[in-house]
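Asker: Residue numbers (the working numbering), protein chains in the order written: chain A, 1496 to 1752; chain B, 41 to 638.
Where is the CB? At the ideal position from N, CA and C, for every residue including glycine.
My structure is below; once you've seen it, I'll send some questions.
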Amino acid sequence: MGTEKATIRIQRFNPDTDKKPRYEDFVIAPGSDTTILDALHLIKTERDGSLTYRRSCRHAICGSCAMNVNGNNLLVCKTPLHQVLDRKGQVTIRPLPYMPIIKDLVVDRTAFWEQYMRVKPWVIPPDAKPEKEFRISPEEVEELHNAETCIMCGACYSACQVIGLTKQYIGPHALLKAYLRVLDPRDSAPAERLADLAGGDGVYRCHTIFNCIDACPKGLNPTQAIETLRKLAQKRKNFDQARKERQDKLTEPIQVG
Amino acid sequence: MTHSETITHDVIIVGAGLAGSWAAMVVGQQGVKDVGVLSKIHPLRSHSGAAQGGIAAALNNVRPVAGTGPRGPLEMIPQGEENVDSWELHMFDTIKGSDWLGDQNAIEIMVKEAPEIIYEYEHLGCVFSRMPDGRIAQRRFGGHSAPRASYSKDYTGHVLLHTIHEQALRHGVKFYDEWYCLDLIVEDNICRGIVAMEILTGQVVTMRAKAVMFGTGGYGRAFNITSNAFANTGDGVAIAYNAGIPLMDMEFVQFHPTGLYRHGILMSEACRGEGGYLSNRAGDRFMQNYAPDKMELAPRDLVSRSEQTEIDAGRGIGPDGQGIYLDLRHLGREKILSRLPQVRELAIDFVGVDPIDDPIPIQPTAHYSMGGIPTDVNGQVMADANGTPVVGFYAAGECACVSVHGANRLGTNSLLEASLFGRRAGYAIADFIREGGELMPLSGDPSQFGLSRIKKILDNPGSESVEQIAQELKRNMTDNCGIFRDENRLKLAGNKIAELKDRFKDARVMDKSARFNTDLLAALETEHLLSFSELIVGGALARTESRGAHSRTDFTGRDDDNWLKHTMVRREEGDRPQFSYKPVNIDWERYPPLERKY
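Structural data, given as structure tokens:
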């Protein structure tokens, strides 16, 4: 790296003026720690200001900048350019698949957010609140953390072949959020949630192809969450009963040791 | 992009981070159902989500193990045993952290209500890290004399933001994702709405409302090395100023001691809260020379100045000597993985260092804006130093100045402030609507100003790139209005900004299209940066003392006789800032100004 040139091939498309997407190559001289986002920023500010993409935090927490790079979905802010250049020093950047293109690398996420809304992403807590916190064990919290760090970037969603076939499928992102709610001891509606998730658009639509796991930039495992939801859906009456019993104890200290 | 339509809501909130989302949720909860929230990025992309280390409240869940000193291990406080923390202690720490510039009436409200809002978050589903008995875990933070930061590993802001956004959705709040506010409509000191652009189409819309709230975030993007997101361009602050609203204490900008070297990306203060060290090139823990008692857990202004002093003395690390080491190795693998997973990943991804094995190169980074739109404790924006309200206009969070942080904010007090005063603003707005707040008539077409701003930028053939101007501004602010300031450099900074403002008239954008024009957005944002940077520099030049984050090498002491007061600045005719001052709210009996030592 260093003074080597890199060719950034970018899919361009403005539906107002273009009949179909085309590729455009930009040759730049990246530094050793240039990220893909740095490269896009350089092209936008120095070559073509009409190049359009989303970005904000530039450290992998806001979820804005998921794109398809050489066929893989990733966050461009945290990915070093040299990691994705082929032997000819070239990389191809496209918008996330399976979503309509708004402009260049910006996609229309309406369907993505509709599925998020469908699973009612909010906790439905018990009516009776303690004066202080509900008591939850570190082990219970650890399970939730496996889903809570999802940044809704959409890398999994647009790597999912089932989503490619039907937008009716709830999708890995929203199922992971549903998992978070179902597993939360404070949630009072796990049975209703599981009933919906077990319907035609839910957990049984997953073909267990594992693309979502490969795509997740935060190292999360939507497939496993979906598997867990399937099992819980099978025995949701028992699970609901167990939740009710757990909730009776939510205000009591966890017995230590 | 020529005609404008009108949209009407009871309440319009600009910004969907913690402050805006709390207000929206509360307004919805209170039965005011016609609420629209605008955000230039999707709400879940808001920068509140980047906060890492924690949110402060004296919960008394943990205490230091007896006899282990200020950096020793923590343990649960057994049921019924004596508390180690109190709102009074939190209040004193915050006042001292603010270098006595924080308004004590506002601080008192914040620290007293703090536990309540943590519990409300918890009841709404926030996934806090826990102690073995199921209570919320807490850790130490700089400038706090008790372990009072509740946290969720090192993803605290992310977890809070998602929780509150979800709950706002639950209450039926309407979100306008990717809409950009261009102008605030104020006539006769009554706010009547805003003018905004739908980014997708480029269409400019007049949005009328009975009440408008800004929760638009901070202005750290005016600096070269910053922890802030691209989005943090201080839009709301600049828009309010240009609409004739005064701004307060703009010169107080916090530099966080641990931004990733050359990137500025935040390495949470929790790194030091959990026991991390800072060391210079010689391997010395230099904080013993600056804050022998608190060491690495001194407040941020002091630690950043200490780092910069080491760097300026040639004891920095890295090829340019501009770095310092943050050493976590002695914490051990398990603690790093369980408490600081995000920080570890960022260090690996951006500088190729695994903190388990090697120290992390860091440097001070522009982080937090203490100044902003002046409000009372209910988010009501004030038109002047006497507290005259701008009817129907509210603000909270980093864009506002209430002022609880004064000259320097303590870590974990910002998530608290944004949440708590966002919530208070929500209640105040709901009351305002229920008590008969009205949709006020508009005179003329208020969208003309916003339309003309856009037209001027798009029609300008221009000879210079917006980015060039933005870059020069940011370097100027970091070099000449950074951690250490003096008259010469501040004058240079002021002249440079005047030059850049002039050059901006000849700036060009390359994208002339209506659809999702981020080139145009960057130009509008840069215009905002130029607007308020002048005020940071002007306030800093006038303030001939050192207080909190404002450190003058030519006036090294705090000067309470002359400068124990807030800076107010208002835009006068001909775009000239007019500075005035306002007394600090101080309880002279309980919390009189003291020497600030750590």
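(1) Mind checking who His606 (chain B) pairs with in its DSSP beta bridge?
(2) Could you check where the alpha helix (DSSP H) with His87 (chain B) kicks off and where it finishes?
(3) Checking contacts by CB at 7 Å: is Asp1709 (chain A) closer than that to chain B?
(4) Can the beta-carbon of Ala447 (chain B) be found closer than 7 Å to that of Ala338 (chain B)?
(5) Can you tell me whether DSSP reads Val252 (chain B) as helix, strand or coil?
(6) My understanding is that Gly639 (chain B) touches His82 (chain B), with C-beta atoms under 8 Å, so please give their C-beta distance in whole angstroms.
(7) Using a threshold of 7 Å, state whether the C-beta atoms of Thr405 (chain B) and Ala435 (chain B) are closer than that.
(8) For the candidate residues B:Val167, B:Tyr259, B:Met247 and B:Phe215, whose alpha-carbon lies nearest to that of Lys1672 (chain A)?
(9) Out of B:Leu482, B:Ile52, B:His445 and B:Lys136, which has the shortest C-alpha to C-alpha gap to Val213 (chain B)?
(10) Might you give, ordered along the chain, the residues of its own chain that have their beta carbon closer than 6 Å to the beta carbon of Ile1505 (chain A), omitting 5 neighbours on each side?
(11) Quick check: the region 1718–1734 of chain A against the region 385–401 of chain B, are at least 3 beta-carbon pairs closer than 8 Å?
(12) Please determine, among B:Met65, B:Arg188 and B:Thr48, the residue with the shortest C-alpha to C-alpha distance to Ala98 (chain B).
(13) Residue range of the beta strand (DSSP E) that Tyr1518 (chain A) falls in?
(14) From the DSSP output, in three-state form, read off Asp542 (chain B) for me.
(15) Based on DSSP bridge pairs, tell me the residues matched to Met288 (chain B).
(16) In three-state terms, what does DSSP make of Asn500 (chain B)?
(17) At a CB-CB cut-off below 9 Å, which residues of chain A make contact with Ser505 (chain B)?
(18) List the residues of chain A whose Cβ lies closer than 7 Å to the Cβ of Val167 (chain B), in chain order.
(19) I need the boundaries of the beta strand (DSSP E) containing Met142 (chain B), first residue and last residue.
(20) Tell me whether Val431 (chain B) is buried or exposed, calling it buried when 16 or more other Cβ atoms sit within 10 Å of its Cβ.
(21) Could one say the Cβ of Asp1743 (chain A) lies closer than 7 Å to chain B's Cβ atoms, at least one of them?
(22) Could you check what DSSP says for Met41 (chain B) in three-state terms: helix, strand or coil?
(23) Can you confirm whether Ile1631 (chain A), when its beta carbon is compared against all beta carbons of chain B, has any partner nearer than 7 Å?
(24) Is the Cβ of Asp1513 (chain A) closer than 7 Å to any Cβ of chain B?
(25) Taking just the CA atoms, how far does Phe254 (chain B) sit from Arg474 (chain B)?
(26) Is there at least one Cβ from chain A nearer than 7 Å to Thr42 (chain B)'s Cβ?
(27) Leaving out five residues before and five after Pro381 (chain B) in sequence, what residues of the same chain have Cβ atoms less than 7 Å from its Cβ?
(28) Does any CB atom of chain B fall closer than 7 Å to the CB of Met1562 (chain A)?
(29) Could you compute how far the alpha carbon of Glu153 (chain B) sits from the alpha carbon of Arg636 (chain B)?
(30) By the three-class DSSP mapping on this structure, what secondary structure does Ser61 (chain B) have?
(31) In angstroms, rounded to a whole number, what distance separates the CA positions of Asn1565 (chain A) and Ser88 (chain B)?
(32) With distances taken from CA atoms, which of B:Asn528, B:Val235 and B:Leu78 is nearest Ser487 (chain B)?
(33) Using a Cβ-Cβ cut-off of less than 7 Å, give me the residues of the region 517–550 of chain B that come near chain A, in sequence order.
(34) Rounding to the nearest angstrom, what Cα-Cα distance links Ile176 (chain B) and Gln328 (chain B) in this structure?
(35) Pick helix, strand or coil for Ile95 (chain B), following the three-state DSSP scheme.
(36) Would Pro172 (chain B) pass as an interface residue toward chain C - the criterion being a Cβ-Cβ separation below 7 Å?
Answerer: From the atom records:
(1) His606 (chain B) pairs with B:Lys622.
(2) Per DSSP, His87 (chain B) belongs to no alpha helix (DSSP H) and is neither H nor E.
(3) Interface residue (Cβ-Cβ distance to chain B less than 7 Å): Asp1709 (chain A) is not classified as such.
(4) Taking the C-beta atoms as reference points, Ala338 (chain B) is found no nearer than 7 Å to Ala447 (chain B).
(5) Of the three classes helix, strand and coil, the one that applies to Val252 (chain B) here is strand, per DSSP.
(6) Lying before the first or after the last residue shown, residue 639 (chain B) is absent from chain B, which here runs from 41 to 638.
(7) The criterion of a C-beta distance shorter than 7 Å is not satisfied by Thr405 (chain B) and Ala435 (chain B).
(8) With respect to the C-alpha of Lys1672 (chain A), the residue from B:Val167, B:Tyr259, B:Met247 and B:Phe215 having the closest C-alpha is B:Val167.
(9) Distances from the alpha-carbon of Val213 (chain B) to those of B:Leu482, B:Ile52, B:His445 and B:Lys136 put B:Ile52 closest.
(10) Its chain contains Glu1519 and Ile1588 as the residues whose beta carbon lies nearer than 6 Å to that of Ile1505 (chain A), once the 5 sequence neighbours on both sides are disregarded; these appear in chain order.
(11) These segments do not touch.
(12) The candidate whose alpha carbon is nearest that of Ala98 (chain B) is B:Arg188.
(13) Annotation for Tyr1518 (chain A): the continuous beta strand (DSSP E) segment containing it runs Arg1517 to Ile1523.
(14) Looking at Asp542 (chain B) - three-state DSSP - the assignment turns out to be helix.
(15) Paired residues: B:Gly412 and B:Met608.
(16) Reduced to three states, the DSSP call for Asn500 (chain B) is coil.
(17) In chain order: Thr1540, Glu1541 and Gly1544.
(18) By Cβ distance, chain A contributes Val1636, Leu1639, His1640 and Glu1643.
(19) Correcting the residue identity first, residue 142 (chain B) is Gly in this sequence and not Met. Looking at the DSSP string, Gly142 (chain B) is not in any beta strand (DSSP E), and its letter there is neither H nor E.
(20) With at least 16 other beta carbons inside 10 angstroms of its own, Val431 (chain B) counts as buried.
(21) No, because no Cβ of chain B sits closer than 7 Å to the Cβ of Asp1743 (chain A).
(22) Note that Met41 (chain B) scores a pLDDT of 45, beneath 50, so its modelled location is shaky; the value from the coordinates is reported in the next line. Three-state DSSP puts Met41 (chain B) in coil, outside helix and strand.
(23) Yes, Ile1631 (chain A) counts as interfacial toward chain B.
(24) It does not: the Cβ of Asp1513 (chain A) has no partner Cβ on chain B nearer than 7 Å.
(25) Counting only the Cα atoms, Phe254 (chain B) lies some 20 Å from Arg474 (chain B).
(26) Its pLDDT being 47, under 50, Thr42 (chain B) is placed unreliably by the model, and nothing is read from it.
(27) The beta carbon of Pro381 (chain B) sits closer than 7 Å to the beta carbons of Lys193 and Asp194 from its chain, once the five residues preceding and following it are set aside; these are given in chain order.
(28) It does not: the Cβ of Met1562 (chain A) has no partner Cβ on chain B nearer than 7 Å.
(29) Cα to Cα, the separation comes out at about 26 Å.
(30) Looking at Ser61 (chain B) - three-state DSSP - the assignment turns out to be helix.
(31) Between Asn1565 (chain A) and Ser88 (chain B), the C-alpha separation is close to 32 Å.
(32) Nearest of B:Asn528, B:Val235 and B:Leu78 to Ser487 (chain B), Cα basis: B:Val235.
(33) The region 517–550 of chain B vs chain A, Cβ under 7 Å: Val549 and Met550.
(34) When the Cα atoms are used, Ile176 (chain B) and Gln328 (chain B) turn out to be separated by approximately 32 Å.
(35) Under the three-state reduction of DSSP output, Ile95 (chain B) falls in the strand class.
(36) Checking the listed chains, one finds no chain C in this structure; the protein chains it contains are A and B.
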